[in-house]
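Protein chains: 4
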Amino acid sequence: MIRAGIIGSTGYAGAELVRILMGHKDAEIVWYGSRSYIDKKYASVYQNMFQIVDAVCMDDNMDELAAAADVIFTATPQGLCASLVNEDILSKVKIIDLSADFRIKDVATYEKWYGIEHKSPEFIKEAVYGLCEINREDVKKARLIANPGCYTTCSILTAYPLAKEGLIDMDTLIIDAKSGTSGAGRGVKVPNLFCEVNENMKAYGIASHRHTPEIEEQLGYACGHPVVLNFTPHLVPMNRGILATEYAKLTKDVSYEDVKAVYEKYYKDEKFIRLLDEGVYPETKWVEGSNYVDIGFKIDERTGRIIMIGAIDNLVKGAAGQAVQNMNLAFGLTEDTGLDLVPMFP
Amino acid sequence: MIRAGIIGSTGYAGAELVRILMGHKDAEIVWYGSRSYIDKKYASVYQNMFQIVDAVCMDDNMDELAAAADVIFTATPQGLCASLVNEDILSKVKIIDLSADFRIKDVATYEKWYGIEHKSPEFIKEAVYGLCEINREDVKKARLIANPGCYTTCSILTAYPLAKEGLIDMDTLIIDAKSGTSGAGRGVKVPNLFCEVNENMKAYGIASHRHTPEIEEQLGYACGHPVVLNFTPHLVPMNRGILATEYAKLTKDVSYEDVKAVYEKYYKDEKFIRLLDEGVYPETKWVEGSNYVDIGFKIDERTGRIIMIGAIDNLVKGAAGQAVQNMNLAFGLTEDTGLDLVPMFP
Amino acid sequence: MIRAGIIGSTGYAGAELVRILMGHKDAEIVWYGSRSYIDKKYASVYQNMFQIVDAVCMDDNMDELAAAADVIFTATPQGLCASLVNEDILSKVKIIDLSADFRIKDVATYEKWYGIEHKSPEFIKEAVYGLCEINREDVKKARLIANPGCYTTCSILTAYPLAKEGLIDMDTLIIDAKSGTSGAGRGVKVPNLFCEVNENMKAYGIASHRHTPEIEEQLGYACGHPVVLNFTPHLVPMNRGILATEYAKLTKDVSYEDVKAVYEKYYKDEKFIRLLDEGVYPETKWVEGSNYVDIGFKIDERTGRIIMIGAIDNLVKGAAGQAVQNMNLAFGLTEDTGLDLVPMFP
Amino acid sequence: MIRAGIIGSTGYAGAELVRILMGHKDAEIVWYGSRSYIDKKYASVYQNMFQIVDAVCMDDNMDELAAAADVIFTATPQGLCASLVNEDILSKVKIIDLSADFRIKDVATYEKWYGIEHKSPEFIKEAVYGLCEINREDVKKARLIANPGCYTTCSILTAYPLAKEGLIDMDTLIIDAKSGTSGAGRGVKVPNLFCEVNENMKAYGIASHRHTPEIEEQLGYACGHPVVLNFTPHLVPMNRGILATEYAKLTKDVSYEDVKAVYEKYYKDEKFIRLLDEGVYPETKWVEGSNYVDIGFKIDERTGRIIMIGAIDNLVKGAAGQAVQNMNLAFGLTEDTGLDLVPMFP
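Heads up: the protein sequence lines correspond to chains S, U, P and B, in order. Reminder that position 140 of the first sequence reads as 140 in the UniProt record's numbering, one-by-one numbering, no gaps. Reminder that position 274 of the second sequence reads as 274 in the UniProt record's numbering, one-by-one numbering, no gaps. Reminder that position 306 of the third sequence reads as 306 in the UniProt record's numbering, one-by-one numbering, no gaps. Reminder that position 250 of the fourth sequence reads as 250 in the UniProt record's numbering, one-by-one numbering, no gaps.
Here it is in structure tokens:
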């Protein structure tokens with residue numbers, strides 16, 4: 001039984017980790033970290049867990065945690081994980097960081113986009129970018145896993161095979177993404193109030209969102225050269241779900257079947273990636289509550305572009321589900337243990 | 001392995017049955033009945049089931065089904081189950097009817113409120129009202145189970161212990177219930193369109209809703225005399241969830257602890273009923289996707305009334321979850337098999 | 001041209017006052033008070049007002065305001081208006097208070113339910129309860145108008161004629177009310193976040209909501225004796241709208257027409273009250289954005305009760321619209337000036 | 001007083017026309033056409049209009065209508081207006097067609113994208129494309145006005161000045177648009193049901209939506225050469241609002257101020273177009289219920305692209321509001337008569 005500690009268990013991503021781990025036969029949560037609710041019953045913060053979780057929230061003592069747990073999930077604001085990690089900790093426990101601290105290999109890029117100094121750059125090289133479908137073998141051996149961002153997971157996986165195979169002109173790639181509001185977290189501020197989000201739609205972080213360099217870096221590895229692209233996130237009045245609509249010029253004259261074959265080359269054995277049938281395009285509700293990535297695409301012969309569309313549940317494949325998938329790999333478990341989550345509709 | 005057939009598998013309740021049975025280790029679906037989608041892939045009707053359910057929708061041939069299945073769920077409009085059931089069928093297969101056909105013992109009451117002739121009144125007596133927490137022993141032996149309505153499940157369980165113990169004046173009982181829109185089904189009509197329901201709230205079926213006699217009959221059994229009450233359902237702009245707010249005069253001077261003790265007398269060992277702590281009241285989101293019934297109450301000393309509040313997910317405990325709970329009982333399985341569904345929040 | 005000052009113009013009720021007064025031909029806003037946004041452009045707080053309102057938010061200097069304005073609207077937290085009002089101010093300017101400070105005649109009741117000391121009890125007697133349809137003549141002469149609460153406006157007007165005419169047993173009156181989330185204001189706290197409210201429904205303030213004594217007092221005046229009742233508010237995932245479902249025993253054997261006649265006796269000339277046709281019941285969307293109160297009812301012969309249903313837009317008739325209606329009356333304007341707001345659907 | 005007839009008054013666009021014309025001092029509706037509800041009270045179809053509209057729905061007799069009205073609005077499915085119009089009608093009455101029949105100058109393009117034969121191609125040349133801000137002078141003289149589509153209005157106006165001035169490379173223009181569900185109309189079908197739209201987001205009409213050629217044609221006029229672009233609409237779980245996010249390569253090195261100046265050159269006197277301040281981007285809620293087009297933009301120096309964002313209320317500026325604006329121009333009224341609609345928030 002893997003003993004898991006969660007730092008930041010009362011944010012939405014942390015709470016989703018709790019939900020998923022409740023159904024994981026080989027893991028148990030031994031530490032519900034939450035600075036905001038120390039000594040309060042976890043179920044009083046998330047009443048859905050009443051009579052399911054009996055534990056009390058604890059402070060984030062990393063040393064105690066390293067002794068008590070086999071894996072630590074840090075579902076915390078940027079900078080916290082980097083400030084806590086050290087060789088002693090990593091020698092005792094694996095860390096799966098749901099923040100951005102170890103996602104970007106170039107520390108200058110990290111510091112520029114996030115506006116904070118990185119407190120432990122010496123671990124960046126070792127950290128494995130935990131996009132399981134792409135870095136599976138590295139994840140299996142990792143001590144420190146950088147769990148990908150929600151937008152990035154959806155954005156990268158939707159374009160990855162075509163980037164890798166040189167089918168699209170990376171200079172023309174535009175990613176227009178839409179997210180449910182749980183992606184904004186549980187922090188209290190006016191723009192997250194019900195009446196501000198409901199019946200409203202907006203773009204934000206235009207040409208400046210922090211997930212941009214993460215997407216660029218990973219797709220750059222895929223295509224073999226640096227990538228600069230436009231990524232625009234939008235806030236949608238729904239709780240969960242990310243839809244990424246991606247546009248790029250095709251580099252050659254290909255048919256639907258050609259492109260399908262390329263996707264299948266990389267994804268046909270991937271349990272969590274579903275290539276939809278021709279003419280069917282992803283809807284966020286079809287993956288809600290599950291770890292699936294749904295992908296569809298259409299070639300537009302008029303413009304020579306391909307439109308690729310991907311959908312995930314931002315809290316599952318975009319955060320907690322992927323973190324558990326990483327844990328499974330890192331501990332030698334079957335990759336989908338605890339992740340056989342059937343999407344809920346409606 | 002229990003072989004299950006579903007007639008009406010493409011309605012919302014039928015689809016929820018599919019979702020729940022996908023995670024049931026001792027049951028498998030052998031028949032996806034759907035008159036509307038015969039020969040179409042089930043996953044093309046519910047794309048969330050893509051690569052999970054590979055089956056094709058079939059017509060509702062009861063004889064074939066009785067041979068192929070151990071249990072038949074009828075998630076169909078009123079009248080259909082009553083028109084299909086007969087002794088031969090029941091000798092081969094158990095039936096769990098999610099419609100109202102066998103819920104009401106008095107056939108005249110059924111015919112009056114539902115406006116249709118009952119096609120097989122001879123089976124009404126045998127049928128067991130499948131409110132597991134109340135009729136558990138009868139359900140275990142039943143061939144024909146009348147799965148309770150969504151509003152009724154929530155309304156009855158919220159008041160049952162107090163009715164049973166004579167703590168409330170049944171003549172004063174008023175049930176004001178609110179439901180998510182999945183309760184209205186997948187039928188296409190203007191009042192169910194997004195733009196008509198969204199940002200709107202209304203009462204309907206005022207003093208005339210069909211769940212009224214069902215609630216009255218069951219609470220009548222509990223208190224030992226006929227009950228006539230007001231039940232008012234409301235439509236809420238959300239997908240799932242029922243909240244029942246119930247008002248009644250207390251018959252004696254009781255404290256919070258007294259009432260709590262009465263609830264615990266009946267429910268303390270019930271896995272799916274959660275009595276919330278004092279001062280905490282149910283919210284539908286806390287039970288979403290799960291088989292829980294959350295109950296809270298407050299005594300108002302100013303008016304001498306008690307306000308009881310219950311919440312369920314209308315598609316789970318109010319339909320498919322309870323149907324599986326009934327199946328588990330009727331087939332001698334552990335009652336919560338496949339029903340360890342953790343509520344999803346947010 | 002009436003010069004209006006608003007203290008608290010950046011709350012939702014204040015913002016709705018701004019919206020309505022923009023279309024009022026005989027009034028202009030001369031003071032956009034907002035402690036939180038002093039010196040910020042009003043339109044930067046409410047971008048919908050960009051190029052419509054050019055003003056800057058100001059502090060709430062009552063003396064300056066009294067000199068600059070003919071009427072002051074206080075859309076502020078409880079206690080503030082009571083702490084600002086004095087004879088000097090009232091001799092110069094009329095005050096329409098959207099808080100609860102002057103609604104309740106019994107200062108002990110106010111202090112008990114609101115948990116604060118009343119700072120100017122000497123003005124309570126003079127203050128007119130601004131429910132225009134009931135206190136029209138007094139409003140016309142008032143200097144200090146207590147604008148009714150949102151729930152109370154809907155609750156009282158829905159039952160008033162029957163209470164006044166003795167048609168219902170006031171001891172049996174139960175009000176189950178449902179409100180959109182703008183009623184909770186723009187204050188930042190976890191329970192008001194989008195993800196907490198969306199897809200969720202709950203009761204709150206059970207047997208303890210502050211609008212209870214206000215409803216009881218006013219209905220007590222109507223029926224001529226003290227009233228004690230149950231009032232239960234619920235939070236609904238929508239921006240605007242209140243629906244009140246009210247239950248009471250009829251005191252005599254009356255027909256639909258009898259009750260209709262009673263409603264018409266009081267309301268037939270009321271422009272803002274719409275008695276719906278038989279069999280039609282209010283929906284909040286039908287009054288959205290308007291100053292209407294829609295009312296329907298049904299007699300339940302089985303239980304001897306009448307179910308009365310009322311709907312308003314909580315920010316219009318429940319707050320800003322009624323405040324403007326009061327202003328119109330108090331300044332001798334046509335009552336519906338600026339209030340010919342056609343409900344928006346969908 | 002202009003006498004207006006509406007064919008298709010019970011669709012959402014028709015209903016919005018009714019709402020707006022109720023507040024228009026120089027127009028009155030003399031004909032509420034609705035094939036689906038002939039002889040039924042209009043207010044029984046839209047209860048928000050109870051006691052506001054007393055009329056009964058009528059069939060769409062064009063000859064009678066031409067005699068009774070000064071202007072006819074056709075808010076009907078594609079093909080109907082083209083089948084009804086003729087010289088005799090046009091000699092008596094102006095027609096403002098909210099369908100697509102007369103928007104596209106090339107009849108072959110129309111027939112290809114809409115899949116129907118055009119019944120009166122002889123009037124296409126005469127018809128004026130009623131995008132008031134661009135074709136104001138022609139609209140003033142028109143007998144037959146093609147009211148632009150909702151997506152097209154937002155998409156075109158957001159990019160028009162830059163296309164006109166050659167600031168963007170039209171071959172790189174990509175329009176990713178998001179719409180509330182009222183854009184899908186009041187027709188009953190499963191994908192429009194509340195539970196299918198709510199908590200869901202999807203793209204549709206990918207590389208095939210009918211508004212594409214309309215946008216291409218108009219932007220082609222602006223830039224002086226044919227345009228082929230990608231336009232992808234998305235369905236959002238909200239009632240109203242369109243947000244268009246548009247991407248294009250800049251053709252020269254320009255600053256924020258340069259681009260701002262270009263927008264101002266065309267729009268600075270436009271009452272209904274609001275260029276937002278630097279760093280502020282449109283949100284659909286800020287224009288809800290109003291005839292505004294809100295526009296913001298950002299230059300991304302990293303990619304050499306400009307991201308332009310526009311927002312409208314699809315039923316107002318995207319349909320009924322623009323139709324009234326066209327009517328005002330065509331009848332010599334002040335352009336904003338009846339359109340001083342303040343956006344409603346929240």
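For each residue, glycine too, the CB sits at the ideal point set by N, CA and C. Only a predicted model underlies this, so the values are computations on that prediction, with no experimental measurement involved.
Query, Result
"Reduced DSSP secondary structure (H/G/I, E/B, other) of leucine 167 (chain U)", "coil"
"With 16 other Cβ atoms within 10 Å as the buried cut-off, status of arginine 274 (chain S)", "buried"
"Residues near threonine 284 (chain U) in its chain [Cβ-Cβ closer than 6 Å; skip 5 each side]", "Gly241, Leu243 and Ala311"
"Reduced DSSP category for arginine 143 (chain S) - H, G, I as helix; E, B as strand; rest coil", "coil"
"Cβ of isoleucine 309 (chain S) within 8 Å of any chain B Cβ", "yes"
"Classification of glutamate 16 (chain P) by the beta-carbon crowding that lies within 10 angstroms, buried from 16 upward", "buried"
"Extent of the continuous beta strand (DSSP E) run through tyrosine 204 (chain B)", "Where tyrosine 204 (chain B) is concerned, there is no enclosing beta strand (DSSP E), given that its DSSP letter is neither H nor E."
"Partner residues on chain U for glutamate 283 (chain P), Cβ-Cβ distance less than 8 Å", "Asn200, Met201 and Lys202"
"Member of P:Ile89, P:Thr109 and P:Ala82 whose CA lies at the smallest distance from the CA of leucine 98 (chain P)", "P:Ala82"
"Exposure label - tyrosine 256 (chain P); buried when at least 16 CB within 10 Å", "exposed"
"Uninterrupted beta strand (DSSP E) stretches inside the UniProt domain \"Semialdehyde dehydrogenase NAD-binding\" (3 to 142) of chain U (no shorter than 3 residues)", "27 to 33, 71 to 74 and 94 to 97"
"Closer than 9 Å at the beta carbon, the chain S residues around threonine 181 (chain P)", "Leu193, Phe194, Cys195 and Asn198"
"Residues in the segment 275 to 299 of chain P having any Cβ partner in chain S nearer than 8 Å", "none"
"Proximal chain U residues relative to threonine 232 (chain P), where beta-carbon distance stays under 7 Å", "Thr245 and Ile307"
"Beta-carbon separation (whole angstroms), arginine 210 (chain U) vs tyrosine 114 (chain U), contact threshold 8 Å", "6 Å"
"Phenylalanine 272 (chain P) at chain B interface by Cβ criterion, 8 Å", "no"
"Any alpha helix (DSSP H) of 4 or more consecutive residues that is wholly inside the segment 214 to 290 of chain P", "256 to 267"
"is_contact[leucine 229 (chain S), chain B] using C-beta, thresh 8 Å", "yes"
"Outcome for threonine 232 (chain S) when other beta-carbon atoms lying within 10 angstroms are tallied against a minimum of 16", "buried"
"Beta-bridge pairing of serine 179 (chain S) - partner residues as DSSP gives them", "S:Leu235 and S:Ile242"
"Contacts around tyrosine 204 (chain U), its chain only, beta-carbon distance under 8 Å, and the 5 residues preceding and following it disregarded", "Pro233, His234 and Leu235"
"Own chain, CB closer than 6 Å to methionine 238 (chain U), minus 5 neighbours either side, in chain order", "Gly180"
"For phenylalanine 297 (chain P), the three-state DSSP class (helix, strand or coil)", "strand"
"Alpha-carbon to alpha-carbon, tyrosine 37 (chain U) and aspartate 54 (chain U)", "14 Å"
"Buried/exposed call for serine 182 (chain S), threshold 16 Cβ in 10 Å", "buried"
"Straight-line gap, methionine 1 (chain U) to alanine 177 (chain U) (C-alpha atoms, nearest Å)", "38 Å"
"Cutoff 8 Å: aspartate 340 (chain B) Cβ touching any chain S Cβ", "no"
"Within-8 Å CB hit, asparagine 239 (chain U) to chain P", "yes"
"Three-state secondary structure assigned by DSSP to leucine 193 (chain P)", "strand"
"Residues that glutamate 302 (chain B) contacts on chain S, provided the C-beta gap is smaller than 8 Å", "The displayed chain sequence assigns arginine, not glutamate, to residue 302 (chain B). Per Cβ cutoff of 8 Å: Ala207 and Val228."
"Glycine 310 (chain B) - partner residues in DSSP beta bridges", "B:Ala244 and B:Ile295"
"Bridge-paired residues (DSSP) for arginine 302 (chain B)", "Answer by DSSP bridge pairing: none, since arginine 302 (chain B) is not bridged."
"Neighbouring residues, chain P, relative to glutamine 51 (chain B) (Cβ below 8 Å)", "Arg274"
"Of the residues P:Leu193, P:Asp39, P:Gln51 and P:Ala163, the one placed nearest cysteine 57 (chain P), counting alpha carbons only", "P:Asp39"
"Alpha-carbon to alpha-carbon, glycine 149 (chain S) and cysteine 223 (chain S)", "20 Å"
"C-beta atoms of leucine 329 (chain S) and lysine 140 (chain S) nearer than 8 Å", "yes"
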